[in-house]
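One structure below.
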Amino acid sequence: MPVTDAPKIVTRRLRQDRSWTLESYLADGGYQGLRKALTMTPQEIHDSVNTANILGRGGAGFEAGRKWGMLRQESPVYLTINGDESEPATFKDHALIEGDPHQLIEGALICAYVIGAAQIFLYVRGEFPLALERLQAALNDAYGYGAVGHRIFGSDFSVDIVVHPGAGAYICGEETALLESLEGKRGYPRIKPPFFPAVMGLYGAPTIVNNVETVSNLPWVLLNGGDSFAALGDGRSKGTKLLALAGHVKRPGNYELEWAKVTFRDLIFDPRLGGGIRDDNNLKAIIPGGVSSPWIGPEHLDVSLSNEAIAGIGSMAGSGSVIPMDHTTCTVRAAWRIVRFFHRESCGQCTPCREGGGWLEKVLERIEAGRGREADLDLLMDICDNISPGVAWPPAQTTICVLGPSMPPSVAAGLRMFKDEYLAHVREGRCPFPPDRLPRRLARV
Amino acid sequence: MPRLNPDNLQRALDLIALYPQPRSALIPILHILQEQDGYLSEDGMNHVGELVGLEAVEVRGTASFYDMFHFEPVGRYLIAVCTNIACMLQGAYRLLEHAEERLGVAPGGTTADGMFTLEDAECLALCGNAPCLTVNWRFFGDVDPEGFDALTDDLRNGRLDDEVPPHGTLIRVRRSVGLAAAGPTDEATPQSAEVGADVDAGPAPHRSTGPAVELSTHRTTTATNVVDAAHLEGRQ
Chain P
1 MPVTDAPKIV
11 TRRLRQDRSW
21 TLESYLADGG
31 YQGLRKALTM
41 TPQEIHDSVN
51 TANILGRGGA
61 GFEAGRKWGM
71 LRQESPVYLT
81 INGDESEPAT
91 FKDHALIEGD
101 PHQLIEGALI
111 CAYVIGAAQI
121 FLYVRGEFPL
131 ALERLQAALN
141 DAYGYGAVGH
151 RIFGSDFSVD
161 IVVHPGAGAY
171 ICGEETALLE
181 SLEGKRGYPR
191 IKPPFFPAVM
201 GLYGAPTIVN
211 NVETVSNLPW
221 VLLNGGDSFA
231 ALGDGRSKGT
241 KLLALAGHVK
251 RPGNYELEWA
261 KVTFRDLIFD
271 PRLGGGIRDD
281 NNLKAIIPGG
291 VSSPWIGPEH
301 LDVSLSNEAI
311 AGIGSMAGSG
321 SVIPMDHTTC
331 TVRAAWRIVR
341 FFHRESCGQC
351 TPCREGGGWL
361 EKVLERIEAG
371 RGREADLDLL
381 MDICDNISPG
391 VAWPPAQTTI
401 CVLGPSMPPS
411 VAAGLRMFKD
421 EYLAHVREGR
431 CPFPPDRLPR
441 RLARV
Chain X
1001 MPRLNPDNLQ
1011 RALDLIALYP
1021 QPRSALIPIL
1031 HILQEQDGYL
1041 SEDGMNHVGE
1051 LVGLEAVEVR
1061 GTASFYDMFH
1071 FEPVGRYLIA
1081 VCTNIACMLQ
1091 GAYRLLEHAE
1101 ERLGVAPGGT
1111 TADGMFTLED
1121 AECLALCGNA
1131 PCLTVNWRFF
1141 GDVDPEGFDA
1151 LTDDLRNGRL
1161 DDEVPPHGTL
1171 IRVRRSVGLA
1181 AAGPTDEATP
1191 QSAEVGADVD
1201 AGPAPHRSTG
1211 PAVELSTHRT
1221 TTATNVVDAA
1231 HLEGRQ
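Taken in order, these protein sequences are the chains called P and X.
Okay, so the first sequence: first residue is 1 according to the working numbering, each after it adds one.
Okay, so the second sequence: first residue is 1001 according to the working numbering, each after it adds one.
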């Protein structure tokens, strides 16, 4: 079975005792990837990473090597690691930072060596104090060990790392918003073009922003070669992928699996993985790649969990979060909660997102509360169309970033797949699922 | 209201030294200010503005963007109940309603004794242990109403003081070395090498449901067993 045979590239140490300490890391070959990197030229490593074809693990799926290649040649150059994980139901980077902070540091150092970074910033979500503590403690130890700072391991390569806390804003996971936040400003995504921080990033300097999981692959790639990495997976989806399984399954958790070799059915039902739907209920729908992605139905259970295959059925692999929902789930309430999230987290720069999110939330709330009208179904699609014209996938964009266009998919997929359910809410004047009401009090947005 | 005290002022200056531009240290310093006073006071923000070269309005304008910052005093324990999709599917709103009844406050409210502030939070990235909550951003997973009651009892009685320090996300974070890439200098390094004692013990608590979560570092309280958040592959 391909489900368990592939090596664990980024998670193999997480089960070890005190996996976050330097002793534990060194006992398992820690920092050997960096030592090897320092004997190679940056170009050789870059070639190897290109061979490995590491797709960015943050959600967009852009090749890391290609991103590095777009760097504007000017100094200084900065490296920023995106550890602001806040996509709902995604909890893989959280586990990687807390469980194996040295792997992240080593991966970041390898990347910094390739791109010639003047400084590395590890941007960690502010709500992760334990991750911040372990990462800073690991960094202190790494300095003491000679892996960071002046003339690393006696080479000519020197670089400093700073652990930087966020302060609670989903939008700061968007790379240009993250850079604004790192500059000490409100986390407003920047107007494009320039599209890539590799051209103009932190303080206007060329900057690479990579996800935690992406760079955590680098030590293994250095030691085992880009070929070994590319031998895993299929198509563009190479290596392994850390999948965060949550929702109505018996065994939620993070599963590192060979990419493109496992189907939704394997992930959800294999007894070694998800173990099936809770209480052996029927599967109703799956959110396949974070709550920005269009939902899919049980008819797609045999689709491979690869970037291309999921794109082929009109959705996306996204952040690698998979949320199965069982037949007791009210899809109106689920869509309402997802839209409410985006509305709360909208930065407010663009009207379609700022206003449209609130309208969608209010209309969904009144349908759920039994006060909806049949015309509300058209109204919802109309609002979606104003946020993302055509309500297609991939979504058209009327906004600076993709937060706004992330709202329509849950609503549109819900209406497409479960229109009868929406109508039942309207015609019966109540939610047909228990409990048939929303919470009494909702926090103000 | 107070400005940064001398110790925290030094921490702030050490932070500023880490960045190419002082303003980048703004958010970390605001965390320290909030740790000191429990919220961001006007005087405190003015002081931070002086340190990083910003007007008061720029400091407040930036801080108000971020959900973690408070501009009014909050309770000793900030309880954030996640109600986002993964937790909602596992009964988060029942948990939130129970919390409201138990504490007698709505989301955003603080108990009369100043002990608890309740929040309705977005995804906290502990979705494998839904429904989850954080107390001063320390994680508790698989929380049911009984677990919530036991948890608040333990907090009131000081039984979780090790696991749940006063709030402040950097309260146990200390950098022991300054910027070193340019080469050793005599006075560049802040030498507060002490890292919070609990870093290694590293709790991220949730209720234990069996031995399968192998990286558990158990530490039993009456409310929960404490295990590592970086759990893998099911919790059975």
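Glycine is no exception: its CB is placed at the ideal position from the N, C-alpha and C atoms.
Predicted model only: the values in this text are computed from it and were never measured.
Distance between residue j and residue i (C-alpha atoms, nearest Å)
i, j, result
"residue 1036/X", "residue 1074/X", "12 Å"
"residue 277/P", "residue 56/P", "30 Å"
"residue 1125/X", "residue 179/P", "22 Å"
"residue 390/P", "residue 1163/X", "50 Å"
"residue 157/P", "residue 1180/X", "12 Å"
"residue 1085/X", "residue 60/P", "21 Å"
"residue 1069/X", "residue 232/P", "44 Å"
"residue 259/P", "residue 291/P", "20 Å"
"residue 1114/X", "residue 338/P", "32 Å"
"residue 1131/X", "residue 9/P", "29 Å"
"residue 192/P", "residue 1065/X", "22 Å"
"residue 13/P", "residue 99/P", "8 Å"
"residue 43/P", "residue 73/P", "14 Å"
"residue 123/P", "residue 33/P", "23 Å"
"residue 351/P", "residue 360/P", "13 Å"
"residue 225/P", "residue 80/P", "24 Å"
"residue 1/P", "residue 425/P", "Unreliable placement is indicated for residue 1/P, whose pLDDT of 45 sits below 50; the coordinate value is still reported in the next sentence. Those two C-alpha atoms are separated by around 44 Å."
"residue 453/P", "residue 181/P", "Outside the displayed range of chain P (1 to 445) lies residue 453/P, so it cannot be described from this structure."
"residue 58/P", "residue 210/P", "8 Å"
Strand pairing of residue i, partner residues [DSSP]
i, result
"residue 1007/X", "According to DSSP, residue 1007/X bridges with nothing at all."
"residue 1078/X", "1117/X"
"residue 321/P", "244/P"
"residue 1036/X", "Answer is none; residue 1036/X lacks a bridge partner."
"residue 63/P", "55/P"
"residue 79/P", "120/P and 208/P"
"residue 1110/X", "1117/X"
"residue 238/P", "233/P"
Minimum Cβ-Cβ distance from residue i to chain X less than 9 Å
i, result
"residue 160/P", "yes"
"residue 206/P", "no"
"residue 77/P", "no"
"residue 462/P", "Any question about residue 462/P goes unanswered here, given that chain P covers just 1 to 445."
"residue 413/P", "no"
"residue 300/P", "no"
"residue 183/P", "yes"
"residue 119/P", "yes"
"residue 166/P", "yes"
"residue 151/P", "yes"
Where the alpha helix (DSSP H) containing residue i begins and where it ends
i, result
"residue 353/P", "351 to 368"
"residue 284/P", "Looking at the DSSP string, residue 284/P is not in any alpha helix (DSSP H); the run it does join, the beta strand (DSSP E), is 283 to 287."
"residue 176/P", "175 to 182"
"residue 43/P", "42 to 52"
"residue 97/P", "92 to 99"
"residue 1156/X", "1145 to 1156"
"residue 332/P", "331 to 345"
"residue 221/P", "218 to 230"
"residue 129/P", "129 to 145"
"residue 1095/X", "1092 to 1103"
"residue 316/P", "That residue, residue 316/P, is in no alpha helix (DSSP H); it is neither H nor E in DSSP."
Chain P contact for residue i (CB, 9 Å cutoff)
i, result
"residue 1176/X", "yes"
"residue 1161/X", "no"
"residue 1010/X", "no"
"residue 1047/X", "no"
"residue 1014/X", "no"
"residue 1086/X", "yes"
"residue 1041/X", "no"
"residue 1171/X", "yes"
"residue 1021/X", "yes"
Chain C within 9 Å of residue i, Cβ atoms only
i, result
"residue 347/P", "Among the chains of the structure shown, chain C does not appear; the protein chains present are P and X."
First through last residue of the beta strand (DSSP E) which encompasses residue i
i, result
"residue 211/P", "207 to 211"
"residue 162/P", "160 to 165"
"residue 254/P", "253 to 258"
"residue 1139/X", "1138 to 1140"
"residue 1133/X", "1133 to 1135"
Check: residue i C-beta below 8 Å from any heavy atom of the ligand PLP
i, result
"residue 1111/X", "Among the components of this structure there are no ligands whatsoever, and the ligand PLP is therefore not found."
Along the chain, which unbroken stretches of the alpha helix (DSSP H) at least 4 residues long are found entirely within the segment 370 to 436 of chain P?
-> The qualifying runs are 375 to 387, 408 to 417 and 419 to 428.
Whole runs of the alpha helix (DSSP H) within the segment 1034 to 1074 of chain X, excluding any shorter than 4 residues = For the segment 1034 to 1074 of chain X, whole alpha helix (DSSP H) runs of length 4 or above, ordered along the chain, are 1042 to 1052 and 1056 to 1063.
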